[in-house]
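Quick mapping for you: the protein sequence lines, in order, are chains A, B, C and D. Numbering-wise (our numbering), the first sequence opens with residue 1 and increments by one. Numbering-wise (our numbering), the second sequence opens with residue 1001 and increments by one. Numbering-wise (our numbering), the third sequence opens with residue 2001 and increments by one. Numbering-wise (our numbering), the fourth sequence opens with residue 3001 and increments by one. Just so you know, even glycine gets a beta-carbon here, dropped at the ideal spot from N, CA and C. One structure is given below, encoded as structure tokens.
Protein chains: 4
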Amino acid sequence: MRTPAIILNFKTYAQVDGDGALSLARICEEVQAETGASIIICPPMVELSRVAHEVKVPVFAQSVDLWETSARTGHTTLSSVKAAGATGILINHSENRRGMADIEALITACREEGLTTIVCTNNINASRAAAAMGPDFVAMEPPELIGGDISVTTANPGIVRDTVEAVGEITSDVRVLTGAGVKNAGDIKVALELGTVGVLLASGVVKADDPRAVLMKMAVGLVQ
Amino acid sequence: MRTPAIILNFKTYAQVDGDGALSLARICEEVQAETGASIIICPPMVELSRVAHEVKVPVFAQSVDLWETSARTGHTTLSSVKAAGATGILINHSENRRGMADIEALITACREEGLTTIVCTNNINASRAAAAMGPDFVAMEPPELIGGDISVTTANPGIVRDTVEAVGEITSDVRVLTGAGVKNAGDIKVALELGTVGVLLASGVVKADDPRAVLMKMAVGLVQ
Amino acid sequence: MRTPAIILNFKTYAQVDGDGALSLARICEEVQAETGASIIICPPMVELSRVAHEVKVPVFAQSVDLWETSARTGHTTLSSVKAAGATGILINHSENRRGMADIEALITACREEGLTTIVCTNNINASRAAAAMGPDFVAMEPPELIGGDISVTTANPGIVRDTVEAVGEITSDVRVLTGAGVKNAGDIKVALELGTVGVLLASGVVKADDPRAVLMKMAVGLVQ
Amino acid sequence: MRTPAIILNFKTYAQVDGDGALSLARICEEVQAETGASIIICPPMVELSRVAHEVKVPVFAQSVDLWETSARTGHTTLSSVKAAGATGILINHSENRRGMADIEALITACREEGLTTIVCTNNINASRAAAAMGPDFVAMEPPELIGGDISVTTANPGIVRDTVEAVGEITSDVRVLTGAGVKNAGDIKVALELGTVGVLLASGVVKADDPRAVLMKMAVGLVQ
């Protein structure tokens, strides 16, 4: 994953049902091409393979249930997301919390499979724990700010800086992302100044009246 | 859903990772075209949209997490599977058991959205309960026979007949499917004679050396 | 379980932490002795054995995780609640929803062990499903009214009457309870007139300034 | 928690249903009195309050569901186990895995409430993660050895030593316990030599023909 980066989590918003996912993915592809910004997209689970086959943007899975192939109706295996075209996964998003043992097993399995891992966390101590298991990235997002109007970089820049520092004390191999309420180029600029290597976006782009315009401004901000 | 029918659950077997799902879906499309048999397929979740866009076989989702659109990273909404092209869903498969309240809510939501519902059950009493909530189909599969070598129609034909009768006592609007270990045309013939309107298949086809040959024989058996 | 009955669910309110559970259980014992009303209590899980050993009121478990004895740290088995002195269990409370297959297995296991079962449900269709599995009682509680100020008997008497009728169509062996917002003798009178054989109480008594006075009035109402 | 220590997890074995829990707790009390060994017991959840009121051995909860008091039928709150007499909790036992975010929240809440925390882990990386969240103890138990006949100290002493070292690199404030298959004084001796401050026991004592004799030998071994 090239950094600094924008990770755009499509979540399960109605806007990205069906063709909506592919449309937004194509916007991301264009913005990436025009700005050179590193943009990673996480489409809805059922659109993962279709989107990955149609666009030239790195695709991550929003989640993976199982790290071993087996007969598990309705669940998602690591091998299936890799075969679908994903090159990384989000683990433990606040809307999809995972067991500590599962997180460790997923990180280990992804390392063997060559998939990039982003472990989401909600505070400094959980970020330390995530870092101790050796993922590629820790993405710290205060849950109370997710989906809201105020960026974590405005509401609580201290927690971002302290997370970067705390993770650095555990290991120098894990880099930090942040997110929650991030909506414009200024938020991104502050996030990078605080020591992170990128941001997680979702509602600010997916639910925007003009997702292309919003994403373009942030992508420009990222690479300046 | 046209009956009698074969519902082929791809599960998460390695054989249907990535392009494997589309290949098997195309085999189903061909067998359906050649035999006229009603075949419904349930591809891996991450291949759902891609498969539904590429083949002309009815596609059902192996599962749905949520019946309301909302921001839920890594989960799957009813509207997303419908928009992806699914026309029905499997609910409560033995590998994906659901709460009774969730099953009821899913059935109700699917009815409003025009999606077909198949509620999987493990015995007669659970089949009665499922039927009482008004899905389109109840699919009774003894868990100890799932994925095994002996068909439910051989191991325990009585439980199939009794399920058909018990469901009929609850309502005349719900039809019965069965499954578990079903592997050949003879098993299907017996299943239909016992009063069901079709079978759930999985490993017998997905893991077969020659899935096309196996499915073809069963499709022929279904329509004879 | 002698009917008509009041089932008092202590839940996990701070008022019933530690000795609070035993105090409230003794109030129930006194009210039962004075009025002759049938009162069943469901203390916090960790107080179950202690309360059951100290008072002469029927004690039900708020929940049971497992119906087979096994090594499962932190979970609760059917045999352990029976050995602790419980004579019945609440299954599938809205704050503790269970899988349909688990509900069926628990009902069956309780029948073998001689424990009374109350399956909680949230609407008419779920009540039909619960009844179809043959518990002793179905307790219908609209979730939006639980813990609130308006009794289900006032807010929606029709759903109570319709539940009694719908359950009766499935089987004559299962009786109906109701609950949610029930707070006084008048609510109980209406509940019985609508065809139920009792009510589930919780916050209206547990959080009352004078639980004894509140429960006494309702117990008197129950037996009038 | 006085160290070195034996933590005896009663789990949900049939032997500790009902009065069995109290009987075993009294054996622990006697062995502690005779040997001076520090013994902590974790009775079945429904016996927690009763046992804590009857014996003078430190009692820990096998698990806690919630760290905030609220209306949650069938679940267990931190305040309820503390009020019942518990002075610590097991978190994330292999039979009761928890989300990383929940583990962090429980540790933080226990620290505020003055309860001792033992976080169970399954390997070195998970132990590092647990340590990074600042519990009092990390108890590393290879899952494949739990409940078995071969002690972790025999099967894999290296993983115990490496866990002690790895945890020490994260923080000097967290001490290490181990467990899985520990059955005699020799196993305990090795566990202490490898740098742990105690062991988790379960089946080796609970299911023994003579639990008193088995525990006595291990307690003597602990304090020698």
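Which residues bound the alpha helix (DSSP H) around residue i?
i, result
"N2125 of chain C", "I2124 to A2132"
"A2052 of chain C", "L2048 to E2054"
"G3221 of chain D", "P3211 to V3223"
"I3027 of chain D", "D3019 to T3035"
"S1080 of chain B", "L1078 to A1084"
"V64 of chain A", "Looking at the DSSP string, V64 of chain A is not in any alpha helix (DSSP H), and its letter there is neither H nor E."
Residues in the same chain with beta-carbon distance under 7 Å from residue i, minus the five sequence neighbours each way, listed in chain order, please.
i, result
"A3052 of chain D", "V3059, A3084, G3085 and A3086"
"W3067 of chain D", "L3078, A3105, L3106 and A3109"
"T1995 of chain C", "Chain C is shown only over 2001 to 2224; residue 1995 of chain C falls outside these bounds and no answer can be derived."
"R3026 of chain D", "V3055"
"A166 of chain A", "I124, S127 and R128"
"K3217 of chain D", "N3184 and A3185"
"P3211 of chain D", "L3024, I3027 and V3205"
Within the same chain, show all residues whose beta-carbon is closer than 8 Å to that of residue i, passing over the 5 residues directly before and after it, in chain order.
i, result
"P3044 of chain D", "F3010, K3011, T3012, V3016, D3017, A3021 and Q3062"
"V1057 of chain B", "A1025, C1028, E1029, Q1032, I1039, I1040 and I1041"
"P1157 of chain B", "V1190 and L1194"
"G2036 of chain C", "V2223"
"I1159 of chain B", "N1123, I1124, M1140, P1142 and V1152"
"L1145 of chain B", "S1151, V1152, A1155, N1156, A1180 and G1181"
"R1111 of chain B", "T1117 and G1134"
For residue i, count the other beta carbons within 10 Å of its own beta carbon; 16 or more makes it buried, fewer makes it exposed. Which is it?
i, result
"Q3224 of chain D", "exposed"
"D2149 of chain C", "exposed"
"S1172 of chain B", "exposed"
"A3213 of chain D", "exposed"
"T3073 of chain D", "buried"
"E34 of chain A", "exposed"
"T76 of chain A", "buried"
"E47 of chain A", "buried"
"D3065 of chain D", "buried"
"S70 of chain A", "exposed"
"E113 of chain A", "exposed"
"D1209 of chain B", "exposed"
Less than 6 Å between C-beta atoms, sequence neighbours within five positions excluded: which residues of the same chain meet that for residue i?
i, result
"A1191 of chain B", "T1153, T1178 and V1199"
"G1088 of chain B", "F1060, L1115 and T1116"
"A130 of chain A", "V119, T121 and V138"
"I2170 of chain C", "R2128, A2131 and A2132"
"V1081 of chain B", "A1061 and V1064"
"A219 of chain A", "V31, T35 and A37"
"T1003 of chain B", "V1197 and G1198"
"L3296 of chain D", "Because chain D is modelled from 3001 through 3224, residue 3296 of chain D falls outside the range shown and cannot be assessed."
"R3098 of chain D", "N3092"
Can you look up residue i in the DSSP assignment and give me helix, strand or coil?
i, result
"G3168 of chain D", "helix"
"S2203 of chain C", "helix"
"A1014 of chain B", "helix"
"M3140 of chain D", "strand"
"G3158 of chain D", "helix"
"V197 of chain A", "coil"
"V2057 of chain C", "coil"
"V1152 of chain B", "helix"
"M2001 of chain C", "coil"
"T3073 of chain D", "coil"
I'd like the span of the beta strand (DSSP E) that includes residue i, first residue to last.
i, result
"G179 of chain A", "R175 to G179"
"T2117 of chain C", "T2116 to T2121"
"L192 of chain A", "Premise fails: L192 of chain A lies in the alpha helix (DSSP H), A185 to E193, not in any beta strand (DSSP E)."
"A2005 of chain C", "A2005 to N2009"
"L1106 of chain B", "First-last for L1106 of chain B: M1100 to E1113, but that is the alpha helix (DSSP H), not the beta strand (DSSP E)."
"I2146 of chain C", "Premise fails: I2146 of chain C is in no beta strand (DSSP E) and is neither H nor E."
"E89 of chain A", "For clarity, residue 89 of chain A is Ile in the given sequence; the question names Glu instead. Its beta strand (DSSP E) spans residues G88 to I91."
"I2039 of chain C", "S2038 to C2042"
Who are the neighbours of residue i on chain F, taking C-beta pairs under 8 Å?
i, result
"E95 of chain A", "Judged by its chain identifiers, the structure shown contains no chain F, and its protein chains are A, B, C and D."
>> Pairs of beta-carbons, one from the region 201-212 of chain A and one from the region 179-186 of chain A, closer than 8 Å: are there three or more?
In response: yes
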